[in-house]
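Protein chains in written order, with full-length UniProt numbering: chain A, 1 to 205; chain B, 1 to 205; chain C, 1 to 205; chain D, 1 to 205. Single-structure report; data block below.
Protein chains: 4
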Amino acid sequence: MKQSPRVLGRPRHDENAKPKKDIVLETATRLFIKEGYKNISMADVAKACNVTKATIYYYYPTKGDLYTSALLAMMDQIKLSILQILEESISFKDRLEKLVEIHLSATVDIDMKNFMREATINLSEFQLKEVQASENNMYKTIEHAMQLEMELGTIRKGNATFFAHSFLALMSVGYVKDREGKRIFQSEATAAKEIIDFFWKSVEK
Amino acid sequence: MKQSPRVLGRPRHDENAKPKKDIVLETATRLFIKEGYKNISMADVAKACNVTKATIYYYYPTKGDLYTSALLAMMDQIKLSILQILEESISFKDRLEKLVEIHLSATVDIDMKNFMREATINLSEFQLKEVQASENNMYKTIEHAMQLEMELGTIRKGNATFFAHSFLALMSVGYVKDREGKRIFQSEATAAKEIIDFFWKSVEK
Amino acid sequence: MKQSPRVLGRPRHDENAKPKKDIVLETATRLFIKEGYKNISMADVAKACNVTKATIYYYYPTKGDLYTSALLAMMDQIKLSILQILEESISFKDRLEKLVEIHLSATVDIDMKNFMREATINLSEFQLKEVQASENNMYKTIEHAMQLEMELGTIRKGNATFFAHSFLALMSVGYVKDREGKRIFQSEATAAKEIIDFFWKSVEK
Amino acid sequence: MKQSPRVLGRPRHDENAKPKKDIVLETATRLFIKEGYKNISMADVAKACNVTKATIYYYYPTKGDLYTSALLAMMDQIKLSILQILEESISFKDRLEKLVEIHLSATVDIDMKNFMREATINLSEFQLKEVQASENNMYKTIEHAMQLEMELGTIRKGNATFFAHSFLALMSVGYVKDREGKRIFQSEATAAKEIIDFFWKSVEK
DNA sequence: AATGAATGAGATTTCATTCAT
DNA sequence: TATGAATGAAATCTCATTCAT
């Protein structure tokens, strides 16, 4: 079926359509997560959004800005979802387990380390600052929780920053696949349970 | 400068000049580690080697091949150094600690996950297979050690693959820097100790 | 703040607000003079006017039209100011001097030659015709004056067109700056005097 | 006639062919003179040279560099030709006349003022500096001659800088065409004679 | 063994212009 | 009258690769 070619100028507005700016951001985020900054071109994003490159530049003045926005939105969302789970009224261990499970289920491997590396290399100083602040914020969320639980006596006293990063590092093990593409664990639930059991042994009193 | 005394017989041609092929490989490896596949161009490599692009193509038929070679060499070396340390006759815990310390000292963050991602995206199927095999090999080294120690009763029984990946994930925490660029730990030795203490709690009987 | 006393009757709508069309033209003129046709984008003009590009297109159907309008208005104004000065009842030499002084003071270097070049390259045939007519008109003003003064015997007989262009060429020397950005002459008055003295030697009887 | 398509890689070398770098520079110079910086794209230059854009970038790393090189070469050439004529052993007036005639004949209107304007707007600070130095150099050549002749008593004492710029300004009148494209003067020789007669009246003792 | 010259394809970005509101 | 959203075309520049020498 031949698609009618897009026309110049402002298109008629469809009420219940998502704002194009959001579509672009979501699409870009998805692509950047999958393939990284340099492997995704603005043309790729445009094509995936079914708009022209110029449209993307209408909303995001540079590729760096688009990446920055994508990272910021993503980290904000992650932080929120982390907070939400951490606030539930179940045991800390259960909360951590849920956190892992949900993240393994919800997302492809969101490899912060790599995002930050690409950011360092490719973003402007200002953009990088923004992204770093947001990243820090996200980590602090978990760090605070660790700190709190130390004080409550749920876990042993220790370096909260280290605990937080260790937790996240272990979480990422859940994504590991072997050479045939098979995951180590059968399900996200299993993964979460094993990972947290492992982690817990290290932090329990 | 004191000249070393002449050796007898016909001197080998340009004795202490490393073969250009090796220079290229080492330089490329260093650059790829720092900036990744897409951020390093063949021109970058050439310039860093003080040769022309054509020279590089003389030794490595494509960029993908150069990357592949770089990865293979690197993983081989890592595997070797791991093996060496694991064979020492000190306690397993001490061997692990030494392993971590040496790696934190010797290298910038060699983020395998990221190398593999770039490989997946950018290499040919054949090149990727090679790299995956080598990666697997490297991991298996640690996995085997874990397996062995389980059988020896040094650590508790569990999923050796998971243990190995957890170990590596925790090791990478040693590279973490905060926003001001400061490391979490004061020295590689401290980092190694803390990390292994943490890990050990999870795997001890 | 003291309010000015109400005037009787229905106030004209937004009395002291210049029509937007004029604001656009003036702004565009200023920018085109400073940077030329190709270096100023419609977005630049829009931004400088604090309106959107679409607004500019509402008044001027193409960039070429905007440029044309700008040139026409400018040349018209210049022609008028020339005429005005030439009609004063002081000696011809003094009129010329005043002309130079006023132009050096009033404007940045309005380099007609360049405007016409950009016009030739970028305008439609019709637009170009309009602009050329206006340019010619402007030059003719001075040419006529030269002709008249020849007949009056104020200056020697010669090629009036050549005299006119020579006059303008010498006038433009008043804008010259050296490499450090310093002008050759201390003030516009000095410049005007020197230039006209120079010119006068060539045209006096 | 179908042209055989160019092939990849280094082409076979033709002995008596001009170096491509020179061809590019000459072509670019010609185009920039005719249409200015912004109106000539790298693609235009490439096409006119019958090479690809990449070839141009092989020799000149940015468009600004190409423009800079073009200006530098041009000004160098002009300066040389000026010097040559000024060194001849005929009267100063005759030398000036010859200078004008030759320049009107040899070149399309080389409008330095405009080149410098485009340079100011479009070049990097460093490139601009180079160009300005070269421009200055060119002007100084004429200025020095003026100075010398003042001292020799050939012309009246005055501001040599001003004299030099006046001379060049008047020279450019030789290029003037009216609306129908007709020149003011019948030939370059006539133009030169009239212009220098005019100039001479202003500078003679 | 190594290079210099060249290319084709594609990347980011800019810009004049259009059109529904 | 004025705007916001979108486009097509082109501009600058990059890069992996090729090939004669």
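For glycine and all other residues, C-beta sits at the position ideal for the given N, C-alpha and C.
DSSP three-state label for residue i, please.
i, result
"R183/C", "strand"
"D88/A", "For the sequence presented, residue 88/A should be read as Glu rather than Asp. E88/A falls in the coil class under three-state DSSP."
"I40/A", "coil"
"A191/C", "helix"
"E204/C", "strand"
"residue 217/C", "The requested residue 217/C is not part of the displayed model; chain C covers only 1 to 205."
"I82/C", "helix"
"I155/B", "coil"
"L170/D", "helix"
"P5/C", "Any reading at P5/C needs caution, since the residue's pLDDT is 44, under 50, leaving its predicted position unreliable; the model's value is listed next. Residue state, collapsed to three classes: coil."
Beta-carbon within less than 8 Å of residue i's beta-carbon, same chain only, minus the 5 sequence neighbours each way: which residues are those?
i, result
"I196/B", "K93, L96, E97, V100"
"F199/B", "L96, S166, F167, L170"
"T55/D", "K20, V24, A46, C49"
"D178/A", "I184"
"I82/A", "L99, M138, T141, I142"
"L31/D", "I40, D44, V45, A48"
Cutting at 6 Å between CB atoms, please list the residues of its own chain near residue i, excluding the five before and the five after it.
i, result
"M171/B", "V100"
"D109/A", "Y175"
"K205/D", "R156"
"Y60/D", "L66"
"T154/C", "F92"
"Y37/A", "Y67, E118, N122"
"residue 207/B", "Examination of residue 207/B is not possible in this model, given that chain B is present from 1 through 205 alone."
Using a Cβ-Cβ cut-off of 7 Å (strictly less than) and excluding sequence neighbours within five positions of residue i, which residues of its own chain qualify?
i, result
"A145/D", "L86"
"S124/B", "G64"
"K53/D", "M42, A43, A46"
"I33/D", "V108, I110"
"A88/C", "Here residue 88/C is Glu; the residue named in the question, Ala, does not match the sequence. Around E88/C: R95."
"M138/B", "M75, I78, K79"
"V173/B", "I195"
"M112/C", "E135"
"K193/B", "E97"
Select from the region 164-176 of chain C all residues with a C-beta closer than 8 Å to any C-beta belonging to chain D, and list them in chain order. H165, S166, A169, L170, S172, V173, V176
In chain order, which alpha helix (DSSP H) runs of at least 4 residues are fully inside the region 109-151 of chain B? Here the runs fully enclosed are 112-122.
Counting only runs of 3+ residues fully inside the UniProt domain "HTH tetR-type" (18-78) of chain A, write out the beta strand (DSSP E) ranges in chain order. Counting whole runs of 3 or more residues, the UniProt domain "HTH tetR-type" (18-78) of chain A contains no beta strand (DSSP E) stretch at all.
Mind the definition here: the region 58-72 of chain D touches the region 105-124 of chain D only if three or more C-beta pairs lie below 8 Å; say whether that holds. yes
Would you list, in chain order, the members of the region 90-124 of chain B that have their beta-carbon closer than 9 Å to a beta-carbon of chain A? D109, D111, K113, N114, R117, E118, I121, N122
For the 8 Å Cβ check, are there 3 or more pairs between the region 123-133 of chain A and the region 141-158 of chain A? no
Assess, as a yes-or-no matter, whether the region 45-62 of chain D is touched by the region 23-31 of chain D under the definition of 3 or more beta carbon pairs within less than 8 Å. yes
Output, in sequence order along the chain, the residues in the region 124-154 of chain A whose CB is closer than 7 Å to any CB in chain B. Q132, N136
Assess, as a yes-or-no matter, whether the region 178-189 of chain D is touched by the region 159-170 of chain D under the definition of 3 or more beta carbon pairs within less than 8 Å. no
Contact list for the region 176-195 of chain C against chain D, Cβ threshold 7 Å: V176, R179, I184, E194
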